[in-house]
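Asks:
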Amino acid sequence: MEQASHTFLESSSLVWIPLLPLIGAFINLVFGRRMPRWAVYAVSIGAVALACLVAFYQVFGPLLSTFRAEPETAGSGFTQILYTWIEVGAFKSQLAFRLDTLSAVMIMIVTFVGTLIHIYSTGYMAHDPRYSAFFGYLNLFTGSMLILVLAANMPVMFIGWEGVGLCSFLLIGFWYENEAFATAGRKAFVVNRIGDFCFLLGMFLLFWATKTKFGASPEFGSLDFANLRSPAVGPAYLETFWGGDRLAAAAAIFLFIGACGKSAQLPLFVWLPDAMAGPTPVSALIHAATMVTAGVYMVCRLSFLFASSTTAMFVVATVGLLTALAAAFMAFAQTDLKKVLAYSTVSQLGFMFVAAGTGNWTAAIFHLGTHAFFKACLFLGAGSVMHAMEHEGSATPGDIMTMGGLRKRLPLTHITFLISCLAIAGIIPFAGFFSKDEILGGAFGVEPPGWIVWYGKLLWAGLLIAALGTAFYMWRLYFLVFAGEGRSEPAKHAHESPLTMTVPLIILAGFASVIGFVGLPHFEHVHLPHILADWLEPAVTAKWNPEGTEIERHASDATTAVLMLIALLVGASGIAGAYLFYGRGPSKTVAKLVEGGLGPIYNASKHKLWFDEVYDAIFVRPFKVLARGLFEVVDRFVIDTVAVNGSAFVVGIFGRMSRWFQNGNVQRYLVGVVFGGALVFLVTDISDCRHAATFEYKLVGNQLELHAEPGDGVEGATAKIYWDLDGDGEKDKDPAKPGELLDKRDVTMAGYSGPITMWVADPITRKEVKVTKTIDLNVSKGAK
Amino acid sequence: MTRILSVLLAVLGIAAFGAIGAPARADDAPPAAACPREIELGVRNALSPAVPATTAGQTPITCRIAKTPSRTENGVVNAGAIQAVTAEVALSDGRVAIVEVSPAGKVLSVHYAHSDLSGSSSPLMALVFWIFALVSVGGAVFVITRRNLVAAVMGMVGSFLGIAAIYMMLYAQFLAVVQMLVYAGAIMVLFVFVVMILNRPEDEPVAPAGRIGQGLGGAAILYLVVRLIWLLGRVEPPNAELAAAAPPPVEQCVDWQNHACVQMGSYDWGSVRSVGTDLFGAGLFPFEAISILLLLAVVGAIAIARPLHTDDDAPAKTRAEGAA
Amino acid sequence: MSNLLWNIGYPHFLVLAAVLFLIGVVGVLVRRNALIILMSVELMLNAANVTLVTFSRMWGDISAHTFALIVIAVAAAEASVGLAIVVAVFRGRRNVEVDRLNTLRH
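Residue numbers (the working numbering), protein chains in the order written: chain A, 14 to 797; chain B, 839 to 1162; chain C, 18 to 123.
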């Protein structure tokens, strides 16, 4: 809603939602080593579960009643302000949390899925010696994610943003003894950082644009979402920025790049496949359900900003589409179980961004939610499979080429995996169908002002191809892993995982089945309730700024139905195609094709379109050269040789000089004394101790008193001073001593008749200095 | 052999001195008299503007006119022809200008005499000064160059005697005698005693020094020599009249009452009485202090030079043990 | 030039004193034997005295003679104590070469 109500409802328990996991993290990380195993589990699972309970209570209690009562103002939600964090100059930021309908969806997903994954981890990490740190990091991550989601302003969101990035690094590189895993963690962090930098730039832009324009206190700028959304600020987004497009475009694109880093879009997705080096629960939690969705959440949170610039929307949608296609392409040739899932995550995120890019915020969040469940289920299922393979002694537990026939050995895992695969392929009535269909339908029908008219349809077509690909490679995975017969010893003898691992799988699969029904498609004639859309309506914008036109999709019922059917057919054909090729295991047809014409394409897919290699050549290698160069020049030469060794060398020289003088030989000391004495002579000889000889004058009555200043030292003391007071150019004679020149320091003359000359005759150097002055009688001070 | 050589050199020096010939300032110089008018004018022109004007008939210019003796021939007195005129002009800055004038009045040469320090600017005093200056410096050089300690001490004594003579030239009679008594008589005797105690010949007279030390020290001393001589050579007495003659007697206060002087005395410059009056008058406190200093020095010298273990302690100990 | 030679004035005495002083300095710096060094110091004091007396004559102040007397007394005191030290050092080391007396180095 454009008109924002600034009535903030206070809540006093919001802070516990992120705080409980953080406390759990603290306890586990600091004391975990000394606590018994059950205590560690209890603390971590308890923290997240409690947070989940508080979240659910807050949502289904106060927030729901507010929503029912005033659907419009529920967009402001509940706020809890802890204290004023930063207040400097024109910027003020408070540590504040906000629960509105959008963040409600997120916290429910995060805490619920998080709890399930924590429970799963107890089984998965049962044999790991550093389990307490693992649970600590998991809690830390959950807390950070909740801070991110519950943030009431952008700086606090950034805290969470950074926090999840950090935890991602810690968890990916959890088994850091393996160099490759540690490197993967580092890669994730660095790529994330690039995104974070652009996020910051976007934040700065927003601050700069809005600092004087919003309501509460005119001298403070603030990045509160409520303030950023207020109609007073709206025009700020439309100002041209650096003579180019609107400010909103620049800010939104910067923020979107940040989201690319976090949500693994082109071109910053390269960390996600490598992130599979971390333990599987990590992949499930972070890289399927929560962290990677932070970008989508942020875009939806700032829907008003993006809606102010169709250029930015265009960028978002295009990048999303390209990512979806590229990731789907790359997934075809992967043989590692988790890598396939990773690429599928990237691809699905692309879908979500396309939805956001077409203004379909609800669809994006919807797909986010459904994806969280079925992807988490898929990852946990993969973990279960890998756990089973490892248990049987497989050296490469993730290699799907060595699996097969596991449907008989791991029944529960099989069922849940199957359900999730159906969901991701978009088969009715599973969750993926509804959410994916909504995205496709939305893309098809939308016509944002400023876009090419048929671009929406182009997006739809591309997404359809991506959906086909999704179904195909996911079912390829399914068939290769579960169908056919076991292709290796471990696969033949694998057994089902313990309950702690299978129960979360079942719960997730259950949700993946039914959660789709919160977002039933929109028909004009048959009103099917779209609970999610209604729920989210207050939180996201529904109009283009500034046109004020509604973001809507023109689609008749028939079109909608046909589109749904096409999507279904695409999904089904994908499954069919996969069955055709891989129904009974690795396909010989495909192998023949690969050796033949499909070879280059297969290579491109297997090598991930050489993204990593390109980045390595363009960025990493030059950077290494630069670093090495700096090391050699700056560190080795300038600092070590010149500064450190050099100063030691200089000190050594001074030491040697001093040592010459302090050898205990008194006569040498005396040489110093004599030398110093000669030096004193020299200095007084060279320097002109007798600074400019001059004379002062003073007018007393009608007498002019003159006082000579011949200078310092012996030469001044014994100097002879001659005067010429009568202006005849000759030294005056002394009236008292006939035949002698007047030699006096102080003379008095009555009246003044012209310039006065004084000679200073130096007896020692036999030099004579002449000073002539014309006195201004009006100035009767002793001016020089 | 060296003795004969040194005597020979001294004789030759004196002869050369006489042979070179000082300006004819012997006592048989013509008496100073007033100058003939034209000569006076000529001299003034030559020296102008340094010559002060005459005041009330007093002229600072005196002439010594050398004439050939007058001869009487055939009852006609021929006045002697003027051979040379030497005009002495006392200049305002204390110097005396000696002008050689031809009989016609043309100025032949001008040179300036420095203040007459010794009461008369005779070359004899100059010779005396140079001889004793040479003795002092020669003795000093002896000290720093002789390897034999006794020779060095003797050189020192000679140097002190020379300095005593210099004091005499400066009218410091009392100080000259004190110098000889105390320095040459007492201190050097002390040195001789110690030399006799340390009767080792020296191995290597010059202390080994690095090039830096030699360089620095040599440069410093060279510079000091040049600079000091240049500086001190330019010292001029502030009071020309005092410098031109022997020092006048010293007016000193010999009796005080209530911080006021009740009796003044006038004693010769540098005499015992004058120095004594000052020593026990204004310099009474330093005098007393110096006596304490000397006492300290005596005690200190004994304390330092005393041997550490003496046999005097042993009998005292045994006596004490015996009594216990 | 001959003026300098025959007309003895204050500069002559002052230069003489300076020369004596510098000869003393050279002696202190160069010679090894402690006794010679002490004698050079005496030489320097004498030079100072000559200067004092010259200037006293120049300015007509007789109190400089008193000062010179005090200087002589101080020189005597210093010589006696110095010689006592030389004797004490000789007693321990059997030689009085100053470049061997360098334990101040540590």
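Here a beta-carbon is modelled for each residue, glycine too, at the ideal position from N, C-alpha and C.
This structure is a prediction, so every number in the text was calculated from the model and none was measured.
Please confirm whether G677 (chain A) has its beta-carbon closer than 7 Å to some beta-carbon of chain C.
Replies: Chain C, which has a Cβ nearer than 7 Å to the Cβ of G677 (chain A), makes this yes.
Asks: Which of the residues in the region 1046 to 1072 of chain B, read from start to end, lie with their CB under 7 Å from any CB of chain A?
Replies: So the close ones are I1050, G1051, L1054, G1055, A1058, I1059, Y1061, L1062, R1065, L1069 and R1072.
Asks: Can you pull the chain B residues whose beta carbon is under 7 Å from the beta carbon of R681 (chain A), in chain order?
Replies: Correct list: G1051.
Asks: Measure the C-alpha to C-alpha separation of G109 (chain C) and N50 (chain C) and round it to an integer number of angstroms.
Replies: So the alpha carbons of these two residues sit roughly 16 Å apart.
Asks: Let me make sure I understand the geometry here. Which of A:F694, A:E190 and A:Y144 has the alpha-carbon closest to that of Y54 (chain A)?
Replies: Selected option, being the one with the closest Cα: A:Y144.
Asks: Kindly indicate the opening and closing residues of the alpha helix (DSSP H) around D698 (chain A).
Replies: From DSSP, the alpha helix (DSSP H) with D698 (chain A) extends over V679 to I699.
Asks: Rounded to whole angstroms, what is the Cα-Cα separation between V679 (chain A) and A1135 (chain B)?
Replies: The alpha-carbon atoms of V679 (chain A) and A1135 (chain B) are separated by roughly 23 Å.
Asks: Along the chain, where does the alpha helix (DSSP H) that runs through T124 (chain A) open and close?
Replies: Its alpha helix (DSSP H) spans residues T114 to Y137.
Asks: Among A:V647, A:A62 and A:I788, whose alpha-carbon lies nearest the alpha-carbon of K711 (chain A)?
Replies: Selected option, being the one with the closest Cα: A:I788.
Asks: So which residues on chain B does W736 (chain A) lean against when the C-beta distance must stay under 8 Å?
Replies: Near W736 (chain A) there are no residues of chain B at all, since even the closest Cβ is about 16 Å away, more than 8 Å.
Asks: I'd like to know whether the C-beta of F674 (chain A) is nearer than 7 Å to at least one C-beta of chain B.
Replies: No, F674 (chain A) does not count as interfacial toward chain B.
Asks: The alpha helix (DSSP H) that contains C313 (chain A), what's its start and end?
Replies: Residues A307 to R314.
Asks: Just grab the DSSP bridge partners of A109 (chain A) for me.
Replies: Answer is A:I94.
Asks: How should D954 (chain B) be labelled, buried or exposed, when 16 other C-beta atoms within 10 angstroms of its C-beta is the threshold for buried?
Replies: In this predicted model, D954 (chain B) has a pLDDT of only 45, less than 50, meaning its place in the structure is not dependable; the value taken from the coordinates is given anyway. Buried is the call here.
Asks: Return no unless some Cβ of chain B is closer than 7 Å to the Cβ of A65 (chain C).
Replies: Chain B, which has no Cβ nearer than 7 Å to the Cβ of A65 (chain C), makes this no.
Asks: Any beta carbon from chain C within less than 7 Å of S947 (chain B)'s own beta carbon?
Replies: It does not; no Cβ of chain C falls within 7 Å.
Asks: Note down the Cα distance separating V115 (chain C) from Y682 (chain A), rounded to an integer number of angstroms.
Replies: If you take the alpha carbons of V115 (chain C) and Y682 (chain A), they lie about 12 Å apart.
Asks: Please work out which residues of its chain come closer than 8 Å, Cβ to Cβ, to S947 (chain B), disregarding the five sequence neighbours upstream and downstream, and give them in chain order.
Replies: So the list reads V937 and E938, once near-sequence residues are dropped.
Asks: What alpha helix (DSSP H) runs, 4 residues minimum, are completely inside the region 1016 to 1069 of chain B?
Replies: As far as the region 1016 to 1069 of chain B is concerned, its whole alpha helix (DSSP H) runs of at least 4 residues are 1026 to 1035.
Asks: Distance, Cα to Cα, L1013 (chain B) vs L22 (chain C)?
Replies: Their backbone Cα atoms lie some 26 Å apart in a straight line.
Asks: So, under 8 Å CB-CB, L549 (chain A) and T375 (chain A) are touching, yes? Tell me the CB distance rounded to an integer number of Å.
Replies: 5 Å between Cβ atoms; contact.
Asks: Tell me, please, whether the CB atom of A35 (chain C) is closer than 7 Å to any CB atom in chain B?
Replies: So yes, A35 (chain C) belongs to the interface.
Asks: Between Q921 (chain B) and L999 (chain B), what straight-line distance do the alpha-carbon atoms span, to the nearest angstrom?
Replies: Looking at the two C-alpha atoms, the distance is approximately 45 Å.
Asks: Suppose the cutoff is 7 Å on Cβ atoms and the five residues either side in sequence are ignored; what does the same chain contact list for S316 (chain A) look like?
Replies: Hits under 7 Å: W374, V553 and T554.
Asks: Let me confirm a value: N916 (chain B) is counted as buried when at least 16 other C-beta atoms fall within 10 Å, else exposed. Which label applies?
Replies: Burial call: exposed.
Asks: Go through the region 297 to 370 of chain A residue by residue and report every complete run of the alpha helix (DSSP H) that reaches 4 residues or more, in order.
Replies: Listed in chain order, they are 307 to 314, 316 to 319, 323 to 344 and 350 to 370.
Asks: Short of 7 Å in beta carbon distance, which residues of its chain neighbour Y137 (chain A), apart from the five on each side in sequence? Order them along the chain.
Replies: The residues are P292, T293, P294, G396, H400 and M514.
Asks: Using 7 Å as the threshold, is the C-beta distance between F269 (chain A) and V177 (chain A) below it?
Replies: Not a contact, by the Cβ cut-off of 7 Å.
Asks: For chain C, check one thing: does any of its Cβ atoms lie closer than 7 Å to the Cβ of S953 (chain B)?
Replies: Because the pLDDT of S953 (chain B) is 45, which lies under 50, any placement of that residue in the model is unreliable, and the number read from its coordinates should be weighed accordingly. Closer than 7 Å to some Cβ of chain C, the Cβ of S953 (chain B) qualifies, so yes.
Asks: Distance check for L260 (chain A) and V603 (chain A), CA to CA, integer angstroms please.
Replies: Each residue's alpha carbon lies about 50 Å from the other.
Asks: Cβ closer than 9 Å: which chain A residues qualify as neighbours of N119 (chain C)?
Replies: Under the 9 Å cutoff, chain A gives N676, G677, N678 and V679.
Asks: Could you tell me whether the Cβ atoms of G454 (chain A) and T573 (chain A) are closer together than 7 Å?
Replies: Taking 7 Å as the Cβ cut-off, G454 (chain A) and T573 (chain A) qualify as a contacting pair.
Asks: Within a Cβ cutoff of 7 Å, which residues of the same chain sit near V845 (chain B), ignoring the five residues on either side of it in sequence?
Replies: Around V845 (chain B): no qualifying Cβ.
Asks: Please return the same chain residues whose Cβ sits closer than 8 Å to the Cβ of E106 (chain C), not counting the five positions on each side in sequence.
Replies: The question names Glu, yet the displayed sequence has Val at residue 106 (chain C). Answer for V106 (chain C): A51, V113 and L118, listed in chain order.
Asks: Cutting at 7 Å between CB atoms, please list the residues of its own chain near L381 (chain A), excluding the five before and the five after it.
Replies: So the list reads T306, V309 and M365, once near-sequence residues are dropped.
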